[in-house]
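Enquirer:
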Amino acid sequence: MLAVLFVDDEAGVREAVRHLMMEEPDIELILAESADAALAVLADRAIDVLVSDQQMPGMKGLELMRAARQVAPDTVRILLSGQVDLSQVTAAFNDGLLARFMVKPWKDEELVGAVRQGLRQRRALTESRDLLAQYERLRQQMDELGRAVRATCLSLRADAGAEKDGEFLRNQLARGGKHD
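Sequential numbering from 337 applies to the sequence shown in the numbering used here.
(1) I'd like to confirm the pairing. Which residues does DSSP put opposite phenylalanine 429 in its beta bridges?
(2) In the DSSP output, which residue or residues are listed as bridge partners for alanine 379?
(3) According to the Cβ coordinates, are valine 340 and valine 451 closer than 8 Å?
(4) CB-CB under 6 Å to valine 412, same chain, minus the five flanking residues each way: which ones, in chain order?
(5) Just to confirm the assignment, what range does the alpha helix (DSSP H) spanning leucine 398 have?
(6) Following the continuous beta strand (DSSP E) through methionine 438, name the residue where it begins and the one where it ends.
(7) Can you give the Cα-Cα distance for lysine 443 and alanine 352, rounded to whole angstroms?
(8) Just list the residues that DSSP pairs leucine 455 with in beta bridges.
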């Protein structure tokens, strides 16, 4: 099951999102009423997608996204806001802080689509890391195999050399130690 953390200080918005996501059986929705509560969740467990409102008392959404990146760098981050500051949003995208920005109020299908896209992005990142780790293990195995092959070749050369030396000595002994 994929975990989505939704953060908004308004209980009605959280309840609307809970109702909306009930129809998504493969998503575990976790709701938080503040940035501090969200950071506690992020510190406690893996979250695939974080969706947060920008305008909250205390820590704003962008501040939460910065803190979340430190705690859970692989979590896909989506910011919602009814008040758009394009320079802040652009800077956040350029800084790799956000995967997506949505304007409030949102259309239900757009929010669900954004969450699903975030989940696909998270899955792709996980699969990519898994493949990279698998590649690294295979490369190490190939290196070990290469070392074993080299050692075997050197051993065979040494054995072949010893065989030639042994044949020479046998011939010499058979001739009585005389040289031609």
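Ideal Cβ positions, reconstructed from N, Cα and C, are used throughout, including at glycine.
Expert: In this structure, then:
(1) Translated into positions along the sequence shown, residue 429 becomes position 93. DSSP lists no partner for phenylalanine 429.
(2) Counting from one through the sequence shown, the residue named residue 379 turns up at place 43. DSSP, once it has assigned bridges, lists no residue as partnering alanine 379.
(3) Sequence index remark: in the sequence shown, residue 340 carries index 4 (1-based). Sequence index remark: in the sequence shown, residue 451 carries index 115 (1-based). Their beta carbons are under 8 Å apart, which means valine 340 touches valine 451 by this criterion.
(4) The count along the sequence shown starts at 1 and reaches residue 412 at position 76. Counting only Cβ-Cβ distances below 6 Å, and skipping sequence neighbours, we find Val385, Ala435, Gly454, Gln457, Arg458.
(5) Within the sequence shown, numbered from 1, the residue matching residue 398 stands at position 62. First-last of the alpha helix (DSSP H) with leucine 398: 397-407.
(6) The residue labelled residue 438 in the question sits at position 102 within the sequence shown. Start and end: 436-439.
(7) Within the sequence shown, the letter at position 107 stands for residue 443. Within the sequence shown, the letter at position 16 stands for residue 352. Taking the straight line from one Cα to the other gives about 12 Å.
(8) Working through the sequence shown from its first residue, we reach residue 455 at position 119. DSSP, once it has assigned bridges, lists no residue as partnering leucine 455.
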